[in-house]
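Taken in order, the sequence shown gives residues -19 to -1, 1 to 180; the numbers are from mature numbering (1 follows the signal peptide of the UniProt record, and there is no 0).
For reference, the structure discussed in these notes is given below.
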Amino acid sequence: MKKFFVSTLLFGLSVLSHADYLLTTPQQQQPSAASQAARYSTMNINDLLTEANAGQAAAQFYVATHYQFGKGVQKDLGQAFSWYKKAADQGIPSAQLNVGRMLADGIGTNKNMILARTYLEKAASHGDNRASFNLALMEEQKKDYMGAYQWYELSTRDGMLDNKVINMSENKKTALAANLTPDQIRQAVDRADKWIQAQ
């Protein structure tokens, strides 16, 4: 199971979703989130650090990826975690996912399942189905099959849908159904519905 968590982490860390990336209004006349992200994705590490240190969440995310992969800097997972956390605390869902996974696996930081869950739930509340999938894995590991089913259900319909995650979730739901009664499945789906409505 540990090997799967690591591959899920790398899957989550390697993909940046630009939805809900930067908040702007027409009056601010700032670049769009997509153009801002495109600019940061090609920026060198020194320029990125200048913007990141000025508090730009998108730049903080990209600084983290540089440290994670050793792109233009010495690879440093502790620094990657630190920068992802700064971006996550400013509301970047992909950073919240990465912080949650790193906390769950103790990568670049101490392992902390309670805090990992908090960050994964934040990302899931923004519709990141990769976060919902990881929450389902956590529930399944605890043998809470109804809870796992609920999160797998959510990962098939959250807003930032990744088709690979949807397919894996559907397969997991089919496997879990063998351990649940039809009533338990209905309850898990109802809990998923209520969770979505509460967001």
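Using N, Cα and C, we set each Cβ at its ideal position, and we do this for glycine too.
Note that the coordinates shown come from a computational prediction; the quantities given were computed from them, not determined experimentally.
- Looking at the DSSP output, ASP174 sits in no beta bridge, so it has no partner there.
- Contact check for MET127 and LEU84: beta-carbon distance about 24 Å, past the 8 Å limit, so the pair fails to qualify.
- Here the segment 42 to 51 makes contact with the segment 18 to 31; the two share three or more CB pairs at distances below 8 Å.
- Two segments are said to touch when three or more pairs of C-beta atoms, one from each, lie closer than 8 Å; by this definition the segment 100 to 119 touches the segment 68 to 85.
- DSSP, reduced to helix, strand and coil, places ASP57 outside both helices and strands of the structure shown, so it counts as coil.
- If you draw a straight line from the Cα of ASP109 to the Cα of SER136, it is about 8 Å long.
- ARG82 and THR90 have their C-alpha atoms spaced approximately 11 Å apart.
- For ASP109, the three-state secondary structure derived from DSSP is strand.
- With contacts defined as CB atoms closer than 9 Å, ALA68 and ALA39 qualify as a contacting pair.
- Secondary structure at ALA35: coil, using DSSP grouped into helix, strand and coil.
- With a threshold of 16 other beta carbon atoms within 10 Å, ASP171 falls short and is exposed.
- In the three-state reduction of the DSSP assignment, ASN148 falls in the helix class.
- Judged by DSSP in its simplified three-state form, ILE166 adopts helix.
- Counting along the chain, MET83 sits inside the alpha helix (DSSP H) bounded by residues 74 to 86.
- Between GLN131 and ALA179, the C-beta spacing is not below 9 Å.
- Annotated as proximal: ILE26 and LYS52, with beta-carbon spacing under 9 Å.
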